[in-house]
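*Asks:* For the sequence shown, counting from 1, position 123 maps to 131 in the working numbering; every step adds exactly one.
Take this structure, written in structure tokens, and hold onto it; I'll ask about it next.
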Amino acid sequence: MTFTTLFIACTVCANPAGDAMPASVSGDARAIAMAAGVDTRVGGVSVGTDEGVTDLSERRIEGRFSVQPTADVEVGIGMPVLFRTLQTSSAQWDDIVPGDLEVWTTGVVHRSGTSLRHDVTVTGQLKFPTAPVTYNTSGDALASNLQPGCSSIVPGVSGSYALAWSLVSLSFSGGLLLPIVVREAPHRGAMIRQTTTLRVRPVPALAFAAGFTWLGELIGQDETDANEEDSGGLVGYASAAIEAGKPGLLVASVGLDAPAVKALRGEQSPTVIGMARLSVGWDI
């Protein structure tokens, strides 16, 4: 499980698809496992300098639903709602808008071991531009990294390798998102992500997770397809989280993502991102 986004703005475009597949609640390999959950995030970003700076504070609530028809395949969908506050040197305004709809499919391509377990999964995902284009009080479109969505159809692929033994698990994952622009509006560039996560579960109902995520993005373009000055670059996020509950049945978690390394074009300043998540699983 990874909680990091590439900034809080356009958060759907950078958000990794889904969680690890839920285990069957009953333990019956023939059962169809289902899960529903709510993912909330709070964070922000500042873009620009001096009189031209725009500050964004965003609260994001996403509902997610997934079905695991077999032990090795999961299909899911997620839809966020964004509560946004934007501020410039001369104005402040609030927005409540939908984010970009996401669907994904995850498959286990390798699973082995008993005391030392190995899992390899591959995920394909697709995001749709259901978020609107937003503008400032002068009627100008906001920069791509201040938009609630990507104005693109965004296919993506990611893979994960997890190694688990006793109370400890270690996972490595990487993903690529390639936006295909579908409307004349500011849009993000291609994004690449790599995450390493260490999880310790001292008791079955409690886990502590820590990790680091590298997020790289190509330069974004404005509505005329001109390169934006304050977009693109590399961010490294340090993450920590606590999870409680029974995996596959009921899990609650809280966490933080802190930007520890920044190599960004122009003037971009992402903030710490707070996360809270609740998921429920059942069999049919």
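Where a beta carbon is used, it is the ideal one built from N, C-alpha and C, also for glycine.
Since this is a predicted model, take the numbers as computed values, not measurements.
Spatial neighbours of residue 56 within its chain, please: CB distance less than 7 angstroms, with the 5 preceding and 5 following residues excluded, ordered by chain position.
*Replies:* Excluding sequence neighbours, residue 56 sits near 62, 238 and 275.
*Asks:* To the nearest angstrom, how far is the alpha carbon of residue 175 from that of residue 255?
*Replies:* Roughly 14 angstroms between the two C-alpha positions.
*Asks:* With the cut-off set at 9 angstroms, would you say residue 146 and residue 187 are in Cβ contact?
*Replies:* No; because the gap between Cβ atoms is not below 9 angstroms, this pair is not in contact.
*Asks:* With a CB to CB cut of under 6 angstroms and the five nearest residues on each side skipped, what residues in its chain are close to residue 93?
*Replies:* Here the set comprises 65 and 102.
*Asks:* Could you give the distance in angstroms between the alpha-carbon of residue 199 and the alpha-carbon of residue 236?
*Replies:* If you take the alpha carbons of residue 199 and residue 236, they lie about 16 angstroms apart.
*Asks:* By a C-beta neighbour count over all protein chains shown, 10 Å radius and 16 as the cutoff for buried, is residue 126 buried or exposed?
*Replies:* Exposed, since its Cβ has fewer than 16 Cβ neighbours within 10 Å.
*Asks:* Quick one, which of 193, 210 and 259 has its alpha-carbon nearest residue 228's?
*Replies:* Per the Cα distances, 193.
*Asks:* For residue 284, which residues of its own chain have a beta-carbon under 6 angstroms away from its beta-carbon, when the five flanking residues on both sides are left out?
*Replies:* Around residue 284: 48 and 262.
*Asks:* From residue 259 to residue 123, what does the alpha carbon distance come to, in whole angstroms?
*Replies:* Residue 259 and residue 123: Cα-Cα distance of roughly 24 angstroms.
*Asks:* Which partner residues does residue 63 have in the DSSP bridge list?
*Replies:* 54 and 95.
*Asks:* What residues are listed by DSSP as bridge partners for residue 251?
*Replies:* Per DSSP, 215 and 261.
*Asks:* Looking only at C-alpha atoms, which of 96, 163, 109 and 115 sits nearest to residue 76?
*Replies:* The residue with the shortest Cα to Cα distance from residue 76 is 115.
*Asks:* Rounded to whole angstroms, what is the Cα-Cα separation between residue 218 and residue 170?
*Replies:* About 14 angstroms.
*Asks:* How about residue 247 and residue 205: are their beta carbons less than 9 angstroms apart?
*Replies:* Cβ distance < 9 angstroms, so residue 247 and residue 205 count as in contact.
*Asks:* Under a three-way DSSP split, which group does residue 150 fall into?
*Replies:* It is coil, neither helix nor strand.
*Asks:* According to DSSP, what are the bridge partners of residue 240?
*Replies:* None; residue 240 has no bridge partner.
*Asks:* Once the 5 residues before and after residue 104 are set aside, which same chain residues still bring their CB inside 6 angstroms of it?
*Replies:* Hits under 6 angstroms: 91.
*Asks:* With a 10 Å radius around its C-beta and 16 neighbouring C-beta atoms as the bar for buried, classify residue 213 as buried or exposed.
*Replies:* Result: exposed.
*Asks:* Taking the alpha-carbon positions, what's the residue 106 to residue 245 distance?
*Replies:* Their backbone Cα atoms lie some 25 angstroms apart in a straight line.
*Asks:* For residue 162 and residue 185, what's the separation of their Cα atoms in angstroms?
*Replies:* Their backbone Cα atoms lie some 6 angstroms apart in a straight line.
*Asks:* Return the chain-ordered list of same chain residues with a C-beta closer than 7 angstroms to the C-beta of residue 3, the five sequence neighbours on each side being excluded.
*Replies:* Nothing in the structure corresponds to residue 3, since the chain is present only between 9 and 292.
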